[in-house]
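Each remark here refers to the structure printed beneath this line.
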Amino acid sequence: METLFSVTVGVLTACSVFLILRGRSFPVVVGITMLSYAVNLFLFSTGRLTIDGAPILGTNTEYADPLPQALVLTAIVIGFAMTAYSVILAVRTRGEIGTDEVNEQDSGESSR
Amino acid sequence: MWQQHLAILPILIPLFTALLQLLPWGDRPQPKRRALGLASSILTLVCAALLLVHVNQNGMLVYALGDWSAPFGIVLVLDKLSTLMILLTAVLALPVLIYGCYTEDNLGSHFHALFQFQVMGIIGAFATGDLFNLFVFFEVLLISSYGLMMHGGGKFRVRSTLHYVLLNLLGSALFLISVGTLYATTGTLNMADMAVKVAQLSGDEAALARAGGFMLLAVFGIKAAILPLHFWLPQAYSTTTGVVAALFAIMTKVGVYSIIRVYTLIFGPEANELVWLAADWLWILGILTLIFGIIGMLGTRDFRLLVAYLVIVSVGTLLATYSFSSAAGISTALFYLIHSTVITGALFLLADVMAFERGKTASRIVTGKRMANHNTYAVMFLIAAIAIIGLPPLSGFAGKLMILQAAPVSTSGFWLWGTMLLATLVMLIMMSRTGSKMIWHTLQGKPNEQSAPIGKRVAIGMLLSLSLILTIFANPIRDYTDSVADELLDTQSYPTTVIAPSSGEENQYE
Amino acid sequence: MNLFYIVFAPMIGALIPLLLRRTSRPVKTIATIAIPISCILVAWPLAQQTLAGDIPTAIQQWLPNIDFDLAFRLDGLSLLFVSLILGIGVLIVLYAHYYLSSKDNDSRFYACLLLFMSSMLGIVTADNVLLMWAFWELTSISSFLLIGYWYHQSDARRGARMALATTGAGGLALLAGLLIIGHIAGSYQLDAIFAAKDAIQAHSLYIPALILVLLGAFTKSAQFPFQFWLPHAMAAPTPVSAYLHSATMVKAGIFLLARMHPALAGTEFWFITVTLIGLITMLVGAYFALLKHDLKGLLAFSTVSHLGLICMLLGIGSQAAVIAALFHVINHACFKAGLFMTAGIIDHEAGTRDMRKLQGLLKFMPITATLAMIVTASMAGVPPFNGFMSKELFLDQALNQHLFGGLSWFVPVLATVGAALSVAYSIRFIHDVFFNGGYKELPKQPHDPPKMMALPVLILSLMCIIIGLLPMLTVSGILNQAVSSVVLDNITVKLALWHGFNLPLLMSAVAIVGGIVIYSQRDQLFTFNRQFEGQDAKHNFERIVQSICDSANKLFTYIDTGSLQRYMALVLISVIVLVIPQLFEIVTLEGSREQLPVDFVSIVGASVLMVAGFATAVLHRHRFIMLMMLSVVGLVVSISFAHFSAPDLAMTQLVVEVVSIILMVLALFFMPQKTARASTGHRVFRDILIASLIGGIVATLNYGILTSDFETISDFFIANAKTGGGGTNVVNLILVDFRGFDTLGEITVLAIAAAGIHKLLNKLKPFMPSSDIDGRPWHRIKHPLMLTNVANLILPMAMVVAVYIFLRGHNLPGGGFIAGLIAASAMILQYIANGVDWVKERFNVNYQSLMSFGVMIAALTGVGSWFFDRPFLTSWFTYLKWPLVGKFEFATALLFDLGVFLTVIGATMMILSNFGKMTTRHRPRQEGN
Amino acid sequence: MLTTVIHIAFVLFSLSIIMNFWRLAKGPHLPDRILALDTVYINSLALLLLLGIYQNTQTYFEAALLIAMFGFVSTIAAGKFLLRGDLIE
Amino acid sequence: MEALNQLPLWVQWVIAFFILIGAVFAFIGSLGLAILPDFFTRLHAPTKNTTMGIGGTVIAAIISTSAQGTLTLNELLIAIFLFLTAPISAHILAKAALHTELPKFAPTRDLRDKEDAYQHETDK
Amino acid sequence: MSKVFPAPFLTLSLFAIWLLLFNSIAPGVVILGLIITTLIPLLLRPAWPDFKTIKKPHLALVYLVILIFDIIVANFKVAALILGRRKHLKPALFVFPLDMTDELPVTILASTITLTPGTVSCEITRGRRGILIHAFSDETPEETINVIRQRYERRLKEIFQC
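Heads up: the protein sequence lines correspond to chains A, B, C, D, E and F, in order.
full-length UniProt numbering numbers the first residue of the first sequence as 1 and each following residue consecutively.
full-length UniProt numbering numbers the first residue of the second sequence as 1 and each following residue consecutively.
full-length UniProt numbering numbers the first residue of the third sequence as 1 and each following residue consecutively.
full-length UniProt numbering numbers the first residue of the fourth sequence as 1 and each following residue consecutively.
full-length UniProt numbering numbers the first residue of the fifth sequence as 1 and each following residue consecutively.
full-length UniProt numbering numbers the first residue of the sixth sequence as 1 and each following residue consecutively.
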């Protein structure tokens with residue numbers, strides 16, 4: 001399971017990194033969002049994987065590490081705030097500049 | 001006990017102010033908001049100063065939030081370094097806010113709230129002793145900086161904000177990965193505890209922790225604008241409004257602070273297999289950053305951009321100096337940090353107000369009309385230039401001398417000498433060029449009629465006079481930074497102070 | 001203490017003319033001139049001590065940490081220079097009073113001049129080399145301001161900048177040199193450095209240090225090859241030139257050589273470098289002086305030449321040579337100041353300084369001509385003026401040095417050539433201006449200046465004569481002490497006008513004759529030189545700086561393309577470079593931890609997740625589909641959270657994902673739906689490479705982590721949750737209690753984001769498509785009936801669920817955050833189903849205030865614990881027993897959670913409603929259903 | 001016996017999700033994809049319930065409840081996007 | 001799992017039955033989504049069969065928990081919410097499909113009157 | 001009374017949901033539930049449209065039972081169609097002319113149509129006077145319309161008295 005988990009996280013990260021390297025704001029924002037999913041999984045897994053051990057006292061004998069869960073929760077919320085901001089910033093950029101390309105048009109790379 | 005609570009006041013005051021600023025304040029809210037903001041900034045400043053005095057007298061202050069002592073709860077650890085940085089923030093924030101209160105805050109909504117949030121985030125980042133909490137405060141200060149960067153709107157601003165935001169979002173993701181890795185290897189989040197645990201690591205676990213530590217370096221590198229990660233800075237700082245850029249003068253320093261904190265405490269002298277993890281890299285990158293800043297200064301044709309590169313130069317200087325890992329290096333780096341923060345802040349404001357009074361030519365380094373308050377700006381420019389270049393008699397030269405003396409007489413020391421002196425020369429040439437073009441070489445005819453409110457000039461004057469204070473009291477300040485460095489390098493007693501339950505007893509309400 | 005007065009009185013006094021801005025010029029002049037005079041008065045008793053062989057010192061600690069103290073001394077050398085600076089300074093101020101026109105800003109001039117004076121005084125009296133350096137740089141700055149005084153002239157600006165750059169660069173080299181010396185000597189105090197002479201000269205860093213110090217001296221004194229800046233400093237008003245070129249600025253370099261002489265001189269390297277450079281400079285300067293048509297240009301190059309002479313003497317370094325050098329310093333100051341003032345008078349009265357235009361002025365300006373002839377004769381080294389004596393000494397020293405071995409003969413020969421050239425340009429100065437035929441038409445009708453303006457020149461020319469005639473009476477005392485302090489030995493100087501017939505006298509004679517010959521043949525020299533014209537140092541300098549700037553700029557446009565992808569790639573590459581070496585060091589990645597078995601569902605889930613992630617990346621140009629793939633990713637992630645025992649996370653992730661998707665779909669409306677392929681193949685390849693490396697790193701780290709055991713602080717939370725926090729849901733307890741501060745920060749972030757977004761949307765004019773991707777117009781019904789009804793039904797139910805989730809958070813999965821999001825989602829559903837107007841009519845809630853109150857409640861809960869003498873955010877709980885209800889728990893954490901709840905609702909609604917209502921006014925209303 | 005049945009059910013639901021995902025990826029039209037997404041949600045919900053039975057725990061209940069309540073919101077949003085472009089107006 | 005295996009055999013059977021019902025119907029529904037020819041026909045499959053699929057599982061869940069002693073009905077809520085929301089999703093999707101004029105399976109009889117025929121928004 | 005309980009059925013169902021959520025009838029839960037389920041409708045009152053209220057609750061129960069039965073039938077039917085041969089598929093699009101116009105009943109009817117055998121309501125047309133239905137099976141539209149009218153619409157009209 002550990003192998004599967006880490007491979008999944010890796011693949012997810014790689015895909016989001018690829019998106020982040022695109023030249024338009026929307027895919028980049030989606031990439032960032034997906035990266036935050038991947039990162040949340042990663043952060044979550046630093047407490048190691050446990051099945052059927054929700055850290056609720058009295059329900060189990062073995063508990064999963066609750067601390068990473070709390071951290072991930074915070075990270076999710078912050079990630080949400082950031083996603084929201086960047087999405088709307090992308091819209092604003094589109095509204096103001098008329099294109100959603102992240103770079104100026106005459107600057108080499110994106111327009112090639 | 002109330003003195004104990006002093007530890008958190010510099011965070012809470014801006015927080016509550018910001019929250020109050022979010023409420024509607026009737027039909028003409030602006031005067032009330034300004035009064036509120038200024039009052040709060042002054043209060044923060046007072047608290048920060050009291051805190052510094054307190055810590056200096058009674059030693060490190062450990063404030064266990066929620067009464068959960070380290071390493072289990074989050075603690076604020078106010079050692080000399082933290083209090084120094086907090087005071088610096090407060091000191092910078094007040095004049096910047098005064099400047100902002102003169103019409104700057106009308107350019108868009110929520111200026112005052114975001115400003116206070118920003119201050120809160122910065123101070124929080126300086127105060128916290130917990131790695132994840134540091135992340136949270138990084139996010140607080142980042143998101144408010146995103147908001148502030150958009151202040152005033154405009155095409156260029158939008159694009160550079162977009163770059164800034166996206167790049168920092170990537171940085172935040174990397175931050176989480178590294179925090180995760182470090183937690184997974186050490187099982188703790190408290191930095192002091194982590195320092196203890198890191199020292200016990202060996203073999204493959206140590207390698208994992210190293211990987212995490214290095215990733216963290218990249219994260220802080222983005223904030224501090226180290227060489228390959230700095231590209232956001234010139235764009236961002238030069239397009240945003242002056243007041244925001246001036247406040248941002250401390251933002252790169254948050255990155256620098258984090259580097260100093262983490263790579264001295266956690267991966268510092270006691271870290272066994274991870275000893276001085278980042279020093280070599282910081283050395284090379286610091287020098288490269290410095291060189292890059294030099295080239296950047298040479299290549300720029302805009303005053304603001306020039307100042308932005310000055311920030312980069314100062315970051316390079318700081319990190320290269322820090323990387324000597326000696327008490328003298330750290331101490332001088334801190335002195336220089338104080339100086340460069342204040343002066344770049346003043347320069348950003350100056351560039352802004354000059355751009356305003358110059359009208360069409362704005363901050364481009366070209367011949368333009370005379371400004372309405374030409375002579376005042378000329379004097380201010382001269383003072384700021386002398387200070388930032390590091391010419392006597394203002395604070396810059398003291399800082400520079402200190403750094404040069406602290407550099408070891410060795411190959412690396414000579415590299416630093418060479419690049420720093422070269423940087424000084426380039427600054428000299430570029431600042432004289434800028435001043436000559438913008439202030440001396442004016443068009444004939446009537447000066448521009450737009451005149452900035454006097455408050456703005458007062459604010460800049462306040463910051464510049466700080467440079468004078470820094471010069472006059474250079475020695476006591478240096479003494480203080482020396483003690484900061486000593487405390488910082490004493491990485492053995494730091495954890496014992498932090499982790500030992502400060503309040504003694506357990507939570508006892510039942 | 002008096003020494004402080006001497007140095008700092010002019011510095012502080014610089015404010016006086018500025019304060020007297022509105023008064024008349026005489027007042028300002030008197031006030032200004034009073035300052036150096038007062039300094040002289042203060043210096044007088046000190047000077048007596050010095051002359052008696054004492055060294056008065058003053059010290060005030062400033063930066064003991066870096067051995068930087070305000071330490072001053074007034075030894076012989078200092079006294080010599082102090083007298084020159086102050087004495088000539090007084091004359092200069094007097095002269096400037098008449099020289100400046102009424103349009104010039106005299107306050108600024110005087111202020112800068114005083115500042116400059118102060119920094120010069122500082123250099124020569126500093127007892128600490130770092131302090132000396134500080135004043136050294138101050139002279140650069142203040143001379144910059146003086147040279148650029150007429151800043152509306154391009155020449156002045158450029159000259160000033162060039163001077164600053166050159167001397168500034170030299171100053172930095174000097175600093176490095178001084179730091180090395182100080183490092184070797186262990187102190188920056190002069191005496192300590194002198195004492196460490198042997199250590200310094202034996203040190204491996206001696207040569208670099210010496211070179212650096214010499215660089216400083218040579219740039220300041222305009223020695224070859226740094227002589228280029230000095231003539232361009234002529235753009236300054238003449239009083240400034242007179243001051244800079246006679247007693248100050250350029251003499252600072254000489255002073256430095258003399259000052260460091262005890263510590264650095266005596267080695268072969270010193271001798272060869274300094275002597276040779278001095279010699280070359282002398283010749284080059286003299287040659288160019290002859291060629292200049294501008295009076296001030298001539299004088300400037302003659303300064304260069306004379307400085308070369310002095311420099312050479314210091315290079316030779318023998319006792320007699322030092323005497324000659326310092327004596328010439330005095331002499332040069334006298335005649336050069338006089339000459340510049342004369343040139344200024346001519347310029348002032350005749351309106352030009354071009355020698356090709358001036359001639360036969362003797363008739364109109366007899367007094368000026370007389371004085372000019374005296375000082376020029378002194379410069380040319382004609383007896384009986386003082387210049388003659390120092391030149392004799394110089395020639396003597398040139399003859400007596402044997403340091404170049406068999407080639408030593410060339411020194412006296414070249415010295416004689418230099419002297420001859422000096423005679424030639426001196427003749428030119430006099431002959432071209434005052435004689436050389438009749439009067440030509442000039443911009444102004446020339447006449448003698450006001451008497452007071454000529455007074456300084458008169459004084460100086462008198463000095464030339466008196467020193468020449470009575471050297472033992474006038475200067476020997478000061479020279480004694482000055483030379484003593486250079487050679488660190490008590491010596492007595494013997495000076496006499498007449499030395500008898502000897503070789504130097506013959507050489508002088510040869511020089512004078514040669515000078516006349518050269519002058520008569522000058523036209524050929526001019527012709528010869530014409531081919532090099534257009535080689536203006538100023539332009540060269542500007543061009544070099546400009547081209548450096550341009551290439552830097554070009555380099556930058558190449559490096560910094562403003563391309564976000566490049567920045568991102570650089571960040572990622574940095575991570576790769578930093579982290580991969582660490583991963584290489586891992587021997588066995590797989591740890592000892594027992595691994596979980598793999599089951600079919602997990603494989604399916606993982607595959608779906610991976611494929612969906614992959615599809616999101618691949619389909620990035622089809623944005624809507626990409627979003628759907630993203631929501632699958634989000635869903636599977638939340639299911640995996642649930643599967644791996646994190647119900648709280650699963651819930652949060654689910655609701656957040658729904659809200660994020662709504663947000664993105666909202667945003668998509670304003671975005672292009674589909675974009676063309678934009679990247680080239682090799683860029684895609686590069687990106688894939690980076691992506692896979694990063695993915696690989698993360699996966700490796702993750703695998704390493706997952707398979708290894710560790711000790712964590714979490715057990716504490718599980719152990720203390722019930723007793724310390726009063727709940728059973730440990731995750732929630734960590735959030736609201738153990739690490740409540742994180743949560744406070746987190747909701748603050750949310751609030752800031754909402755405020756920031758509000759700000760973003762404020763002035764936004766969105767781009768709104770009127771048809772969908774296929775060009776089809778939009779559906780005409782805004783709010784479908786069924787949706788409206790069901791949404792209305794769901795709202796109260798969702799609220800009940802939200803309350804339920806909120807209340808149980810402490811003990812079971814849930815909590816304020818999730819509850820807030822549930823409530824917010826239900827509200828968003830209202831917005832979607834019923835529209836902004838509908839909601840606004842019914843709920844007039846100020847989300848912003850709600851959000852603010854939310855955070856405030858949370859924070860105030862924290863503050864509340866202060867009243868129980870506990871740190872911020874300390875929680876408190878108790879079990880209450882009420883009739884009917886039974887036993888239940890009350891915890892302050894619940895109040896905190898309430899704050900979270902309200903914040904989340906407020907912030908989320910603020911974001912979405914603001915975003916949503918952007919379009920409301922722009923779209924047609926619904927018709928029928 | 002029950003274990004076997006639950007395992008079979010797991011496999012069936014998993015296969016369902018795979019088929020849905022296939023439809024989601026294939027399209028051919030946007031409504032198809034949205035429908036597939038909606039079904040993925042519902043099947044995941046079922047999977048969660050099944051996990052709950054399997055592990056004999058109540059901890060999955062809330063997550064499932066939330067999917068039931070809000071899974072459709074995404075669908076609605078997507079559908080409304082197709083209809084009107086703008087979700088909130 | 002052990003707790004479930006302790007239950008009386010008939011209860012286990014019942015639970016197994018409902019789980020199987022749910023799983024099979026869900027599977028068929030998804031299968032329908034995958035193999036049916038056009039959007040409208042595909043729409044039928046999940047909207048109906050998933051209800052049954054969820055219904056079965058929910059009942060199984062209720063029995064399995066209730067059989068251990070305490071009556072637990074809260075899973076019922078899931079079914080209620082799903083029954084409330086599923087038709088809306090289907091409705092909106094069908095609307096969208098009509099709006100975007102998706103191609104229909106060939107044998108489909110379009111019996112709409114002219115006035116029912118879909119009208120696009122024209123005023124823009 | 002109507003001020004405290006603006007929508008009694010809503011309050012009741014919310015209370016039911018509350019109890020189901022807590023899965024308990026402990027006094028604390030009940031009291032808290034009463035308070036909250038009273039408060040929520042009051043708070044949300046402005047958002048609660050003037051729905052027709054249920055006049056004959058017992059008929060509503062009958063309707064529910066019929067509905068559940070039909071859902072089960074529908075499942076089997078559709079399953080058969082999915083697994084069966086393609087040529088049995090004879091979809092149709094047709095309009096069911098409504099007899100009532102009130103919002104809530106129409107919504108319920110439309111939902112019912114979607115949940116019951118072989119039909120999905122696609123659109124409410126003609127200014128709420130018809131429901132566009134997509135049918136799956138090979139039955140004639142008239143037949144289906146008739147079933148819907150008899151089985152559901154009639155009952156709904158009775159329940160809501162319209």
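Every residue gets a Cβ at the ideal spot worked out from N, C-alpha and C, and that includes glycine.
Residue i versus residue j - alpha carbon distance
i: B:Ala127; j: B:Asn56; result: 15 Å
i: residue 207 of chain F; j: F:Ile31; result: Chain F is shown only over 1 to 162; residue 207 of chain F falls outside these bounds and no answer can be derived.
i: A:Leu71; j: C:Met651; result: 15 Å
i: A:Arg94; j: B:Gly171; result: 24 Å
i: A:Pro68; j: F:Gly28; result: 34 Å
i: residue 950 of chain C; j: C:Ile193; result: Residue 950 of chain C is absent from the model: chain C starts at 1 and stops at 929.
8 Å Cβ cutoff, residue i in contact with chain B
i: C:Trp62; result: yes
Cutoff 8 Å: residue i Cβ touching any chain E Cβ
i: F:Arg151; result: no
Cβ-Cβ separation, residue j to residue i (assumed contact under 8 Å), whole Å
i: C:Ile330; j: C:Val475; result: 6 Å
Cutoff 8 Å: residue i Cβ touching any chain C Cβ
i: E:His120; result: In this prediction, E:His120 has a pLDDT of 47, which is less than 50 and means its spatial position is unreliable; nothing more can be read from the coordinates.
i: E:Thr85; result: yes
i: A:Leu43; result: no
i: A:Thr61; result: no
Short-range partners of chain A found in the stretch 56-79 of chain D, where Cβ spacing is below 7 Å:
Listed in sequence order: Thr57, Thr59.
Determine contact between the stretch 209-221 of chain C and the stretch 169-180 of chain C, defined as no fewer than three beta-carbon pairs at a distance below 8 Å.
yes
State whether the stretch 98-107 of chain C contacts the stretch 446-466 of chain C, with contact taken as three or more CB pairs (one from each stretch) at a distance under 8 Å.
These segments touch.
Below 8 Å, can you find three or more Cβ-Cβ pairs linking the stretch 321-335 of chain C to the stretch 226-242 of chain C?
no
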